[in-house]
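What follows is a short report on a single structure.
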Amino acid sequence: MLSNIPGILGEIVAKRRYTIEETKKNKSLAEVRTSAENTSDPLSLQRIIDSKQGISLIAEMKRSSPSAGLLDPNLDPAKRASLYCDANAAAISVLTEPDYFSGSIEDLAAASAVSRAAQIPVLRKDFIVDEYQVYEAKAAGADCILLIIGCLDPKQYSDLFLLSTSMKMDVLVEVFDDIELDIALEKAEPNIVGINNRNLKTLNTSLEVFENLAKKIPDDRIKVAESGMKNSSDVKRMGHAGAKAVLVGESLMKAGSNVRALVKTLSEVEVGSSGGK
0 MLSNIPGILG EIVAKRRYTI EETKKNKSLA EVRTSAENTS DPLSLQRIID SKQGISLIAE
60 MKRSSPSAGL LDPNLDPAKR ASLYCDANAA AISVLTEPDY FSGSIEDLAA ASAVSRAAQI
120 PVLRKDFIVD EYQVYEAKAA GADCILLIIG CLDPKQYSDL FLLSTSMKMD VLVEVFDDIE
180 LDIALEKAEP NIVGINNRNL KTLNTSLEVF ENLAKKIPDD RIKVAESGMK NSSDVKRMGH
240 AGAKAVLVGE SLMKAGSNVR ALVKTLSEVE VGSSGGK
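Here the sequence shown stands for residues 0 to 276, where the numbers follow numbering that gives the first Met the number 0.
Rendered as structure tokens:
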């Protein structure tokens with residue numbers, strides 16, 4: 000178990016470990032594992048992204064965040080998922096962390112019920128530090144999970160990665176710097192590597208993070224730019240730096256009545272011959 004994680008990330012992970020133990024009191028690991036084993040096979044996020052000519056949009060939903068504060072306390076996950084599906088998002092990301100993002104596993108289940116009918120994969124976006132959360136994700140209908148290198152030790156990362164893929168769930172492996180990228184590529188074989196433009200320890204954001212780090216990821220991997228994109232120009236910029244997909248949340252949650260149009264616009268961005276994979 001990784002200890003002494005600095006900044007807000009350390010606070011979130013410490014709290015998450017506590018809430019997971021509380022959750023286990025209501026539903027045991029054995030019970031959630033059985034639930035996971037009895038759900039249908041997930042959709043492939045990797046296949047969806049690979050099949051799209053342009054840049055794939057992973058549209059995120061969340062009620063709040065440490066960087067933005069309250070975004071939509073009355074979020075209806077099923078309605079939001081339906082909107083994202085109708086507006087041609089390639090995939091949907093659902094924040095399930097309860098204390099800093101006001102999410103829940105029930106949000107994921109509600110979104111998944113809608114998106115599965117549309118054959119659009121759903122990502123569980125959380126601070127996953129325990130096998131319980133992986134089984135819980137599968138049981139709730141997740142097609143993919145997020146593993147953040149910054150809050151896992153290398154063995155934890157490898158074990159959770161293998162557990163997820165053994166249940167046919169894709170893994171979006173998130174990194175922020177060279178050290179984390181080395182761990183991500185050496186301790187597992189991720190097909191989807193996300194670079195977070197936001198430093199989870201300081202919450203500072205810069206699109207240059209992706210631009211600098213993406214070139215160090217092998218071209219046979221799907222590169223996902225996360226955080227900091229507000230418009231199609233930002234998405235195109237990430238595409239030219241090698242992004243095959245982008246994960247956008249805060250801008251969509253702040254878009255109000257324009258959210259459908261923004262999802263459509265971001266979903267239609269294409270990069271010319273100067274863009275990488």
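No residue lacks a Cβ here, since even glycine has one placed at the ideal position from N, Cα and C.
Beta strand (DSSP E) runs wholly inside the region 225-257, at least 3 long, in chain order: Fully enclosed beta strand (DSSP E) runs of 3 or longer: 244-247.
Segment contact, 8 Å Cβ cut-off, at least three pairs: the region 64-83 with the region 104-121: By the Cβ rule, the region 64-83 counts as touching the region 104-121, because three or more pairs are nearer than 8 Å.
Boundaries (first-last residue) of the alpha helix (DSSP H) holding S34: Within the sequence shown, numbered from 1, the residue matching residue 34 stands at position 35. Element bounds for S34: L28 to E36.
N-terminal and C-terminal residue of the alpha helix (DSSP H) that A213 is part of: The residue you call residue 213 lines up with position 214 of the sequence shown. First-last for A213: undefined, no H or E at that position.
Three CB pairs or more closer than 8 Å across the region 154-161 and the region 52-61: The answer is no - the region 52-61 does not touch the region 154-161, with fewer than three Cβ pairs under 8 Å.
For E20 and A224, the rounded distance between their alpha carbons: Along the sequence shown, one-based indexing puts residue 224 at 225. Along the sequence shown, one-based indexing puts residue 20 at 21. Distance between the alpha carbons of A224 and E20 is about 32 Å.
Where L145 falls: helix, strand or coil (DSSP): As a first step, residue 145 must be located in the sequence shown, where it is residue number 146. It is a strand residue.
Cβ shell of G193 (< 6 Å), same chain only, five flanking positions each side left out: Counted from its first residue, the sequence shown places residue 193 at position 194. Taken in chain order, the residues that qualify are L171, E173, V223 and E225.
Closest by C-alpha distance to K154, when choosing among D129, L246 and P5: For this step, residue 154 is matched to residue 155 along the sequence shown. Shortest Cα-Cα distance from K154 to any of D129, L246 and P5 involves D129.
Coil, strand or helix - I4 by DSSP: The count along the sequence shown starts at 1 and reaches residue 4 at position 5. The DSSP-derived three-state label of I4 is coil.
Cβ distance (whole Å) where N196 is taken to contact T204 below 8 Å: Residue numbering aside, residue 196 sits at position 197 when the sequence shown is read from its first letter. Residue numbering aside, residue 204 sits at position 205 when the sequence shown is read from its first letter. About 5 Å separates the two Cβ atoms, so the contact holds.
Separation of V208 from V246, as counted between CA atoms: Position 247 of the sequence shown, counted from the start, is the residue given in the question as residue 246. Position 209 of the sequence shown, counted from the start, is the residue given in the question as residue 208. Here residue 246 is Leu; the residue named in the question, Val, does not match the sequence. For L246 and V208, the distance between alpha carbons rounds to 14 Å.
R197 - containing alpha helix (DSSP H), residue span: Counting from 1 along the sequence shown, the entry for residue 197 is found at position 198. For R197, no alpha helix (DSSP H) segment is defined, and its DSSP state is neither H nor E.
Burial state of P217 (16 or more Cβ within 10 Å): Locating residue 217 in the sequence shown gives position 218, counting from the first residue. That one is exposed.
C-beta atoms of K124 and S165 nearer than 7 Å: Here residue 124 refers to the residue found at position 125 of the sequence shown. Here residue 165 refers to the residue found at position 166 of the sequence shown. No, the pair does not count as a contact, with Cβ atoms beyond the cut-off.
Burial state of E185 (16 or more Cβ within 10 Å): Taking the first residue of the sequence shown as position 1, residue 185 is located at position 186. E185 comes out exposed.
Own chain partners of K229 with C-beta closer than 7 Å, once the 5 adjacent residues on each side are dropped: Reading the sequence shown from its first residue, position 230 is the one you call residue 229. The answer, listed in chain order, is S250.
Coarse secondary structure for R259, derived from DSSP in three states: Position 260 of the sequence shown, counted from the start, is the residue given in the question as residue 259. For R259, the secondary structure class from DSSP, reduced to helix, strand or coil, is helix.
Three-way DSSP call (helix, strand, coil) for V268 in this model: For the purposes of this step, residue 268 is taken as residue 269 along the sequence shown, with counting starting at 1. In the structure shown, V268 falls within a coil segment according to DSSP collapsed to helix, strand and coil.
Three-way DSSP call (helix, strand, coil) for K277 in this model: Outside the displayed range of the chain (0 to 276) lies residue 277, so it cannot be described from this structure.
Length of the line joining the Cα atoms of A213 and G241: What you label residue 213 is simply residue 214 of the sequence shown in a count that begins at 1. What you label residue 241 is simply residue 242 of the sequence shown in a count that begins at 1. Approximately 6 Å, taken between the alpha carbons.
Distance CB(I11)-CB(F175) smaller than 7 Å: Start at 1 with the first residue of the sequence shown, and residue 11 comes out as number 12. Start at 1 with the first residue of the sequence shown, and residue 175 comes out as number 176. Going by C-beta atoms, I11 is not nearer than 7 Å to F175.
For E59, the three-state DSSP class (helix, strand or coil): Taking the first residue of the sequence shown as position 1, residue 59 is located at position 60. Three-state result, E59: strand.
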